[in-house]
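A short worksheet on the structure shown next.
In the UniProt record's numbering, the protein residues as written are 1 to 98.
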């Protein structure tokens, strides 16, 4: 394994979802101190859209941009779903009485 991510792997739905999740998890503290939770969801969408725009091959047509927007929404929802699963899992384990 030469690298963690290649451009080909980042061009897939799973690759962009993982990259979005990692980027947002490491940078969301900047927004959480000043803003509410919905701002982080919007930020996640923009991160997903930028990664999709860069790594998914497309032509600059209206149809392709619309598909990138729809894919970005799906990636954003999947990324938040991953976060909620891990957050709830660790929360439940830590609250178990000994």
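Every residue, glycine too, gets a C-beta built ideally from N, C-alpha and C.
Count the other C-beta atoms from every protein chain shown that fall within 10 angstroms of the C-beta of residue i, then say buried if there are 16 or more, exposed otherwise.
{"i": "residue 66", "result": "exposed"}
{"i": "residue 40", "result": "buried"}
{"i": "residue 44", "result": "buried"}
{"i": "residue 75", "result": "buried"}
Taking 7 angstroms as the cut-off, decide whether the C-beta atoms of residue i and residue j are in contact.
{"i": "residue 72", "j": "residue 21", "result": "no"}
{"i": "residue 11", "j": "residue 55", "result": "yes"}
{"i": "residue 19", "j": "residue 51", "result": "yes"}
Once DSSP output is grouped into helix, strand and coil, what is the label at residue i?
{"i": "residue 60", "result": "coil"}
Which ranges would you report for the alpha helix (DSSP H) in the segment 3-38 if only whole runs of at least 4 residues count?
-> 7-10 and 13-32
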